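For the sequence shown, the positions run 101 to 234 when our numbering is used.
Positions of the beta carbon are idealized from the N, C-alpha and C atoms, including for glycine.
These numbers were taken from a predicted model, which means no experiment stands behind them.
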Amino acid sequence: MEIIVCLDDRDGMAFNHRRQSSDMVVTEDICARAGGAPLYLRAYSLPLFKDRDVETVAVDDFSQAPADARCFVEDQPLSPLAEKIDILCIYRWNRHYPADLRFDLALADGWQLVESADFAGHSHEKITREVYHR
Numbered sequence: 101m102e103i104i105v106c107l108d109d110r111d112g113m114a115f116n117h118r119r120q121s122s123d124m125v126v127t128e129d130i131c132a133r134a135g136g137a138p139l140y141l142r143a144y145s146l147p148l149f150k151d152r153d154v155e156t157v158a159v160d161d162f163s164q165a166p167a168d169a170r171c172f173v174e175d176q177p178l179s180p181l182a183e184k185i186d187i188l189c190i191y192r193w194n195r196h197y198p199a200d201l202r203f204d205l206a207l208a209d210g211w212q213l214v215e216s217a218d219f220a221g222h223s224h225e226k227i228t229r230e231v232y233h234r
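See below:
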């Protein structure tokens, strides 16, 4: 399973129970990353991908997604899925935001950085995409 998340510099995922940022360049990159495969997400995230060239599958619980699924997660802890995750794709905003939900996996626990790239977003002049494999 591949998990895709957006984080601030303090590993925050959400603020006041809502997404911290929605950058259309990141959304386009996620769609390209899906490569024609379905993108699993919660109904909360569906508006980000409206009118995008990606098949979306809404799930209430990511444990319902197949083992080879790509899942975009904004509003749930990841530790319950830890054993199923093979790939982490992290988009970092390179900013400090308040957060009430934080990324709860330790990258030091067997994750290897295999790709890192900076690019300009629509709302942020520098976004970093990091890909980790277990």
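Whole-angstrom Cβ separation of residue i and residue j, contact assumed at under 8 Å?
i, j, result
"phenylalanine 203", "isoleucine 104", "The pair is not a contact, with the Cβ atoms about 12 Å apart (cut-off 8 Å)."
"arginine 170", "alanine 137", "6 Å"
"glutamate 185", "arginine 234", "Note on identity: in this sequence residue 185 is isoleucine, with glutamate being the wrong assignment. About 7 Å; that satisfies the 8 Å criterion."
Per DSSP, what are the beta-bridge partners of residue i in this structure?
i, result
"leucine 141", "Ala158"
"phenylalanine 97", "As shown, the chain starts at 101 and ends at 234. That puts residue 97 outside it, with no answer to give."
"leucine 233", "Per the sequence shown, the amino acid found at residue 233 is histidine instead of leucine. For histidine 233, which the question treats as bridged, DSSP gives the partners Ile187, Gln212."
"cysteine 131", "According to DSSP, which records beta bridges pairwise, cysteine 131 is partnered with nothing at all."
"valine 105", "Ile190"
Suppose you measure from the CA of residue i to the CA of residue j; what does that come to, to the nearest Å?
i, j, result
"serine 163", "histidine 222", "32 Å"
"valine 231", "aspartate 168", "16 Å"
"alanine 132", "tyrosine 191", "14 Å"
"aspartate 108", "methionine 101", "23 Å"
"alanine 206", "histidine 196", "19 Å"
"tyrosine 140", "phenylalanine 115", "22 Å"
"serine 122", "leucine 201", "16 Å"
"serine 216", "aspartate 160", "30 Å"
"aspartate 175", "glutamate 225", "24 Å"
"aspartate 111", "aspartate 209", "16 Å"
Kindly provide the ranges of any beta strand (DSSP E) runs that are 3 or more residues long and lie completely inside the segment 170-218, ordered along the chain. 170-172, 187-192
Just checking, does the segment 155-166 make contact with the segment 114-133 on the three C-beta pairs under 8 Å criterion? no
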